[in-house]
Amino acid sequence: MFRQEAAKLFIKGTLHDNSSESTLLIGNKTSESSATQHKVLGGFVINAWAEQVDRMTNFRVPYIDLKAEFSELKDGLIDDLVTVGENARLILRQEVQQLETTAAEYLGVEHAVGVGSGTDALMLALKALGIGSGDEVITVAHTFVATIAAIANVGAIPVLIDIQDDFNIDSTLLEEAITSATRAVMVVHMNGRCCEMKPIRELCERYGLELVEDAAQAFGSRYSGQAAGSLGAFGCFSFHPMKILHCFGDGGLVTTNDAGLADTVRMLRNHGQRTKDEIIMYGVNSRLDNLQAAFLLRSIARLDGEIERRREIASRYHHGLEGMAGVDCPEMDGDGHFDVFSSYVIRSRKRDHLSCQLRAKGIEVFSHWPVPNHHQPALGLTNFKLPVTEKMSKEVLSLPVHGQLSNDQVDYVIEAIRDGD
Ligand SMILES: Cc1ncc(COP(=O)(O)O)c(C=O)c1O
6 MFRQEAAKLF
16 IKGTLHDNSS
26 ESTLLIGNKT
36 SESSATQHKV
46 LGGFVINAWA
56 EQVDRMTNFR
66 VPYIDLKAEF
76 SELKDGLIDD
86 LVTVGENARL
96 ILRQEVQQLE
106 TTAAEYLGVE
116 HAVGVGSGTD
126 ALMLALKALG
136 IGSGDEVITV
146 AHTFVATIAA
156 IANVGAIPVL
166 IDIQDDFNID
176 STLLEEAITS
186 ATRAVMVVHM
196 NGRCCEMKPI
206 RELCERYGLE
216 LVEDAAQAFG
226 SRYSGQAAGS
236 LGAFGCFSFH
246 PMKILHCFGD
256 GGLVTTNDAG
266 LADTVRMLRN
276 HGQRTKDEII
286 MYGVNSRLDN
296 LQAAFLLRSI
306 ARLDGEIERR
316 REIASRYHHG
326 LEGMAGVDCP
336 EMDGDGHFDV
346 FSSYVIRSRK
356 RDHLSCQLRA
366 KGIEVFSHWP
376 VPNHHQPALG
386 LTNFKLPVTE
396 KMSKEVLSLP
406 VHGQLSNDQV
416 DYVIEAIRDG
426 D
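The opening residue of the sequence shown carries number 6 in this note's numbering; numbering runs sequentially from there.
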């Protein structure tokens with residue numbers, strides 16, 4: 006019933022929800038009032054608004070299409086369910102071990118440890134390195150809050166620096182942020198593109214700092230021929246459903262080339278148990294389950310195809326939008342990069358207006374992130390001044406990019422952006 010109502014309103018062109026604090030508008034009527042409202046409310050309203058619309062509409066071009074992906078994988082996944090169920094080995098058993106071996110081989114690292122989420126991967130990596138109270142960890146504000154929360158949640162102090170045009174950490178700002186309390190640098194490989202690791206690695210080495218990669222968005226991306234997750238002391242991955250390699254729920258992975266550190270993470274993820282009866286440290290429950298691991302094994306087998314398709318879509322967007330005034334497309338490859346486009350993020354001076362227009366045409370887009378983390382008062386980081394991050398937060402718009410997208414859908418998005426005013 007609700008669905009039908011929403012569809013009717015969507016087709017009619019406008020939908021107003023006057024009951025909420027802000028008036029929400031969708032539809033092909035890109036009226037003065039809609040544009041003004043979004044100018045006033047800025048990015049704050051966009052994602053909340055997007056979530057409401059999501060619940061009400063089927064998009065002609067969905068941001069991701071988990072249902073379509075599920076139907077492609079369904080028969081295999083049912084087999085997995087039966088195998089795991091019949092074996093009744095549910096957590097940290099055969100499929101998890103197989104996934105760890107397969108992922109380590111894929112990434113070219115010695116060790117991979119399955120954990121409960123990308124957030125846990127980051128926290129356990131920091132804990133394994135002994136980073137805690139009073140230690141400073143340098144990272145960026147232009148990231149999902151989990152990066153910064155992981156630092157704060159082990160008792161360390163997040164120190165935020167600015168980013169460059171490719172949305173990754175600006176390595177030229179790193180040295181001046183180092184103090185006597187700095188223990189680590191946590192780089193974030195944003196949108197499936199690795200950071201400029203050469204100067205960062207050199208600085209870390211020179212100052213004796215640990216290097217942790219938040220590779221949650223970067224499974225399969227490469228820098229100078231090396232995979233994200235193999236470039237620091239630890240690589241940390243998320244298998245959240247929005248990620249390029251994902252499971253059907255939450256999951257994560259920690260990678261390292263150090264056997265001792267890998268053992269520590271293995272113990273930390275399982276309450277510090279070395280054996281069932283020997284506890285050698287305080288840990289947490291962050292165990293990956295066998296069903297998720299089995300699902301991931303199916304997805305990792307298809308990952309190269311998924312990456313290839315995303316790169317094709319990225320090129321198509323790039324050529325379709327090239328030369329358009331007021332819209333900037335992301336870089337692709339160059340300087341030793343191999344980008345996997347876990348997101349395809351454009352920049353537009355009229356982002357909020359464009360976002361409204363695209364959604365009105367049934368194209369699901371998001372802004373990651375309209376409110377930078379250092380502008381979230383609850384995090385206590387408002388002392389940082391990050392002009393590039395702040396500018397990006399007003400301009401970024403993530404377009405649909407995934408293996409289930411057809412060329413016709415991509416062309417429809419390009420046309421809608423070109424037709425925008
Ligand atoms: C850059 C980044 N870091 C960390 C995370 C946290 O991963 P998870 O949601 O699996 O805890 C995410 C996931 O959204 C992310 O995008």
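Here a beta-carbon is modelled for each residue, glycine too, at the ideal position from N, C-alpha and C.
Short Cβ contact (8 Å threshold) for residue i with residue j
i: D255; j: S360; result: no
i: G240; j: E218; result: yes
i: L165; j: V190; result: no
i: L302; j: F244; result: no
i: V118; j: E105; result: yes
i: V370; j: L402; result: yes
i: C334; j: H342; result: no
i: T261; j: V89; result: no
i: I162; j: L179; result: no
i: A238; j: L384; result: no
i: V66; j: Y287; result: no
i: I419; j: G325; result: yes
i: H358; j: I69; result: no
i: G225; j: V345; result: yes
Extent of the continuous alpha helix (DSSP H) to which residue i belongs
i: R206; result: M202 to Y212
i: Q99; result: Q99 to L112
i: L325; result: The sequence given here has Gly at residue 325, not Leu. Per DSSP, G325 belongs to the alpha helix (DSSP H) from L308 to L326.
i: V145; result: Careful: V145 lies outside any alpha helix (DSSP H), inside the beta strand (DSSP E) at E141 to V145.
i: I136; result: Segment: none, I136 is in no alpha helix (DSSP H) and carries neither H nor E.
i: I156; result: V150 to N158
Secondary structure of residue i, DSSP reduced to three states
i: E218; result: strand
i: A421; result: helix
i: C361; result: helix
i: V236; result: At residue 236 the sequence reads Leu, which differs from the Val that was named. Reduced to three states, the DSSP call for L236 is coil.
i: R198; result: coil
i: Q231; result: strand
i: G119; result: strand
i: P382; result: helix
i: F300; result: helix
i: I96; result: strand
i: G265; result: helix
i: T387; result: coil
i: F244; result: coil
i: L410; result: coil
i: D80; result: helix
i: L165; result: strand
i: D2; result: The requested residue 2 is not part of the displayed model; the chain covers only 6 to 426.
i: I305; result: helix
i: V415; result: helix
i: L250; result: coil
i: V289; result: coil
i: D426; result: coil
i: S36; result: At S36 the pLDDT is 35, less than 50, meaning the model places this residue with poor confidence; the figure from the coordinates comes in the next sentence. Here S36 sits in coil by DSSP.
i: S176; result: helix
i: F75; result: helix
i: G367; result: coil
i: G256; result: coil
CB-CB length for residue i against residue j, believed under 8 Å
i: N378; j: A182; result: In fact, because the Cβ distance is near 16 Å, the residues do not count as touching under 8 Å.
i: D263; j: R188; result: In fact, because the Cβ distance is near 16 Å, the residues do not count as touching under 8 Å.
i: F242; j: L266; result: Not confirmed; about 16 Å, so no contact.
i: T353; j: G331; result: Reading off the sequence shown, one finds Ser at residue 353, where the question assumed Thr. About 6 Å; that satisfies the 8 Å criterion.
i: A1; j: Q381; result: Nothing about residue 1 can be read from this structure; the chain reaches only from 6 to 426.
i: T148; j: V193; result: 5 Å
i: A421; j: K366; result: 5 Å
i: R423; j: M329; result: 6 Å
i: R292; j: I96; result: 5 Å
i: P405; j: I368; result: 7 Å
N- and C-terminal bounds of the beta strand (DSSP E) containing residue i
i: M337; result: No beta strand (DSSP E) contains M337, which DSSP labels as neither H nor E.
i: M191; result: T187 to V193
i: P392; result: It is not in any beta strand (DSSP E) - P392 instead sits in the alpha helix (DSSP H) that spans P392 to E400.
i: T280; result: Q278 to T280
i: L179; result: No beta strand (DSSP E) holds L179; the alpha helix (DSSP H) holding it covers L179 to A182.
i: Y349; result: Y349 to S353
Original post:
Does the region 113 to 128 come within contact of the region 136 to 155, defined as at least 3 CB pairs closer than 8 Å?
Top reply: A contact exists between the region 113 to 128 and the region 136 to 155.
**OP:** Decide if the region 76 to 90 is in contact with the region 288 to 304; the criterion is three or more beta carbon pairs, one per stretch, under 8 Å apart.
**Re:** As far as the Cβ criterion goes, the region 76 to 90 touches the region 288 to 304, which means the pair count is three or higher.
**OP:** Check whether the region 157 to 168 touches the region 272 to 284, taking contact to mean three or more Cβ pairs, one atom from each stretch, closer than 8 Å.
**Re:** No, they do not touch.
Original post:
If you pair each beta-carbon of the region 392 to 407 with each one of the region 159 to 173, do three or more pairs fall below 8 Å?
Top reply: Result yes; three or more Cβ-Cβ pairs closer than 8 Å.
**OP:** Would you check if there are 3 or more beta carbon pairs closer than 8 Å linking the region 311 to 325 to the region 343 to 352?
**Re:** A contact exists between the region 311 to 325 and the region 343 to 352.
**OP:** Pair every Cβ in the region 221 to 233 with every Cβ in the region 195 to 203, then say whether three or more of these pairs are closer than 8 Å.
**Re:** Remark: three or more beta-carbon pairs, one from each stretch, lie closer than 8 Å, so the region 221 to 233 and the region 195 to 203 are flagged as touching.
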